[in-house]
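**Q** Chains as they are written, first to last, in this note's numbering: chain G, 13 to 684; chain F, -19 to 140.
#1: Identify every run of the alpha helix (DSSP H) within the stretch 255 to 342 of chain G, keeping only runs that are complete inside it and at least 4 residues long; order them along the chain.
#2: For the alpha helix (DSSP H) that residue 235 of chain G lies in, which residues bound it at each end?
#3: Is residue 49 of chain G close to chain F, meaning its C-beta is less than 8 Å from at least one C-beta of that chain?
#4: Residue 314 of chain G versus chain F: which residues are under 7 Å apart at the beta carbon?
#5: How about residue 35 of chain G: is its Cβ closer than 7 Å to a heavy atom in the ligand NAP?
#6: Taking the C-alpha atoms as reference points, what is the distance between residue 756 of chain G and residue 386 of chain G?
#7: For residue 558 of chain G, which residues from the same chain have a beta carbon less than 7 Å from its beta carbon, with the 5 sequence-adjacent residues on both sides left out?
#8: Which value, in whole angstroms, describes the spacing of the CA atoms of residue 626 of chain G and residue 577 of chain G?
#9: Would you identify the three-state DSSP class for residue 446 of chain G, choosing helix, strand or coil?
#10: If the cut-off is 7 Å on Cβ atoms, which residues from the stretch 36 to 56 of chain F count as contacting chain G, listed in chain order?
#11: Taking only beta-carbon atoms, is residue 264 of chain G less than 8 Å away from chain F?
#12: For chain F, find out if any of its Cβ atoms is closer than 8 Å to the Cβ of residue 239 of chain G; answer yes or no.
#13: I'd like the ranges of any alpha helix (DSSP H) spanning at least 4 consecutive residues and lying wholly in the stretch 55 to 123 of chain G.
#14: Tell me, please, whether the CB atom of residue 300 of chain G is closer than 8 Å to any CB atom in chain F?
#15: In whole angstroms, what is the alpha-carbon distance linking residue 478 of chain G and residue 441 of chain G?
#16: So residue 322 of chain G contacts chain F; which residues on that side make the cut at Cβ distance below 7 Å?
#17: Should residue 178 of chain G and residue 24 of chain G be called a contact, given that it needs their Cβ atoms to be closer than 8 Å?
#18: For residue 547 of chain G, name the three-state secondary structure that DSSP assigns.
#19: Going along chain G, which residues have a C-beta under 9 Å from residue 63 of chain F?
#20: Taking 8 Å as the cut-off, decide whether the C-beta atoms of residue 85 of chain F and residue 322 of chain G are in contact.
#21: Classify residue 143 of chain G as helix, strand or coil using the three-state DSSP reduction.
#22: Curious, which full-length beta strand (DSSP E) runs of at least 3 residues does the stretch 158 to 238 of chain G contain?
#23: First and last residue of the beta strand (DSSP E) that includes residue 650 of chain G?
#24: From the DSSP output, which residues share a beta bridge with residue 345 of chain G?
#25: Using CA atoms only, rank isn't needed, just tell me which of G/314, G/190 and G/76 is closest to residue 32 of chain F.
#26: Residues in its own chain within less than 7 Å of residue 116 of chain F by CB, not counting five upstream and five downstream?
#27: Drop a sphere of 10 angstroms on the beta-carbon of residue 73 of chain F, count the other beta-carbons inside from all chains shown, and report buried for 16 or more, exposed for fewer.
#28: Does the distance from the C-beta atom of residue 204 of chain G to that of residue 228 of chain G stay below 8 Å?
#29: Cβ atoms of residue 574 of chain G and residue 665 of chain G: under 8 Å apart, would you say?
#30: Please list the terminal residues of the continuous alpha helix (DSSP H) segment that includes residue 133 of chain G.
#31: Quick check on residue 15 of chain F - is its C-beta less than 8 Å from some C-beta in chain G?
#32: Thinking C-beta only, is residue 330 of chain G closer than 8 Å to residue 352 of chain G?
#33: How long is the line joining the alpha carbons of residue 147 of chain G and residue 112 of chain G, rounded to whole angstroms?
#34: So for residue 156 of chain G, helix, strand or coil by DSSP?
#35: Using only alpha-carbon positions, find the residue among F/66, F/67 and F/46 that is nearest to residue 57 of chain F.
#36: Under the three-state reduction of DSSP, which class applies to residue 364 of chain G: helix, strand or coil?
Laid out in structure tokens, this is it:
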């Protein structure tokens, strides 16, 4: 008989940001999803299967949200999944060290009628403070099962697995959890009559919850109601209501309930000043916050450059040797050239920087795990709100140091459309890890003594251009007020080296995989273009008569004022597919020229390059059009070709202007 | 964790003053060498040719002194200042040490190792302060390792 493998129970993990949902998801499903000690790590729902002796459970990790009000896209994702998919159990992860605030979402989940199971995390913190949490009382009061789990040690997970596999909860249609007072309740009652009569015309929402959201002026639901046949009856009931005032009042009522619950079940000791808050006096201080942030960034790039350089040299020597070996021992000549100059030259030029990438990601992971990254966002928020921008834009910027694709997706957490659009448009200016090899290559050749400082300066320049562009958009094409930011600063904690190494390994693996796939293909293509003419006859490798040469000749006049020649032009064009290909292309073109497999020698010996032109090139690579994957995600997130095209053109125009100013300005003052 | 009350404020204050002065002097020495770089050590990997190092050494020195002042005034946030300055000093020391070692390693790989790659004023001064940090704060290092969990996760409302 065929075994039925369909999961028996579907469970959704919900909760506020940074309470440990993804950690719990990893524990339950054995996955390796990224975990961070700051909010907004998960912006899309992830799913996996939990297997236990009692059966299988499909687990869905929802983005962190403070409420089900649907202010931002991640909150809407969480809400819509819970309501539309109606999972068999909604597991709310609650950081028990901050019970009162977490219970607000609990109240909303109960209002929506979800079959709830609570998982309390960070109970060790509660105990270390000398507080006592009456979990049985909380469970009896809310009438929901409660589990305690230590997500660091993994205790309590087995019991939770058993509970989930055998969970027997039911959705409730219209539970009355909060009493909103006489006036509001009477409007709810009248709305309920209309909504019950009309069935699920506005969606599969519980009717009482739907009524409360309509009173609160939920823009999404009000829009739907206006398109429905019952809009006249609803409009009549909602007419003249001050939605904003009512929303505040109803939120207060929910907070009151959450607060009274927390007071009943949590017996706390008087608080002492903590080390985290004392450290924050400096790390987020008015005068010390930004200098400390700069110190951390400086240290990060100095270590990335300084520690990585000798390691990169070793890898470079290895690939150089392999390239020479291929050229000397493989026949026929074209195959030797394809393998030695094309494949090894191109892929080697990118893989040489793997040590630097690993070091950078290890440091970023340690900073994320320690809780400092949230402070970095907070410090920049203060700076950004001062110039009229939303500080929430900085969190995607920090993610952009790794890759702009998830960073642009992280902009979903921004509720205001204009703020979100600005964040998406400026994010490509944040220097992702794919651009780092270009900096390391050129600083290594032309700024060997101050490489770390130059790279640090380039990253800072990226941030400044992003912030400056955001300000420009805010003043011109996307006018409006920035939305306020509410963010939680997690306590500092010693970073988990296991998580940090895991994140680093994943990033390094992705980089190496890209080198073995996309970059390899790009290198082969580049080798072909550099070896053959338009008539498909073999020509001198990397000469002007090759297809690459012809292509480069077309763009050469445009980029000549920047101090770039046709080879750089070709590398920049191919860099659109992935920024690493800039290096891969230079590796093919210059490695071949030097016939040593070493791009460094080829570039160092080319008179077109000088410290000034290389600085211009690095700035151009930092700022010019986003790569193909980023362009695709910009289209996906903005839903507009107009903004996607704008991003490409604007980035290229800014890059061109900046490189032109650097090169021509430098020549003017005699730096050439 | 060690509560802030358990820390010997007097001893911490004195150490912080000593370190603050040491870091300020290190920054000053770097700055002086920045202006009058002797030809024999020009071209070192990070040393006197890097003004940013001077700025950060001054910064650490100032935070140490501010921490000492706050502790003198019996204000608890002084402890945070001292710890951050201590950590920053160590970070600077690690960075310069790593770069110095990397530079030596690179010299060995390239087959030529110049004396200027070993004698580095920046690395020497920053390391002096960093090592002093480690020696003086040995007994307080456990504060860094302890978990500083907050009473309530701080909520920061901005521009509301």
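Backbone N, C-alpha and C fix where the C-beta goes; we use that ideal spot for every residue, glycine too.
**A** According to the structure data:
#1: 255 to 277, 287 to 295 and 301 to 341
#2: 231 to 238
#3: Reliability fails at residue 49 of chain G, whose pLDDT of 47 lies under 50, so the model's placement of it is uncertain and the value that follows must be treated cautiously. With 8 Å as the cut-off, residue 49 of chain G does not count as an interface residue toward chain F.
#4: 75 and 79
#5: No copy of the ligand NAP occurs in the structure displayed, which carries no ligand at all.
#6: In the structure as shown, chain G starts at 13 and stops at 684, and residue 756 of chain G therefore has no counterpart that could be examined.
#7: 541, 542, 543, 544, 545 and 551
#8: 12 Å
#9: Coil at residue 446 of chain G, not helix or strand.
#10: 36, 39, 43 and 56
#11: no
#12: no
#13: 85 to 92 and 111 to 123
#14: yes
#15: 6 Å
#16: The contacting residues are 82, 85, 86 and 89.
#17: no
#18: coil
#19: Chain G residues near residue 63 of chain F: 287, 290, 291 and 294.
#20: yes
#21: coil
#22: 158 to 160
#23: For residue 650 of chain G, there is no enclosing beta strand (DSSP E); the residue is part of the alpha helix (DSSP H) that begins and ends at 640 to 650.
#24: According to DSSP, residue 345 of chain G bridges with nothing at all.
#25: Comparing alpha-carbon positions, the option among G/314, G/190 and G/76 lying closest to residue 32 of chain F turns out to be G/314.
#26: -5, -2 and -1
#27: With 16 or more Cβ atoms within 10 Å of its Cβ, residue 73 of chain F is classed as buried.
#28: no
#29: no
#30: Note, residue 133 of chain G: premise wrong, no alpha helix (DSSP H); beta strand (DSSP E) at 128 to 133.
#31: Any Cβ of chain G closer than 8 Å to the Cβ of residue 15 of chain F would place that residue at the interface, and such an atom is absent.
#32: no
#33: Roughly 14 Å separates the two Cα atoms.
#34: coil
#35: F/46
#36: In the three-state scheme derived from DSSP, where H, G and I count as helix and E and B as strand, residue 364 of chain G is classed as coil.
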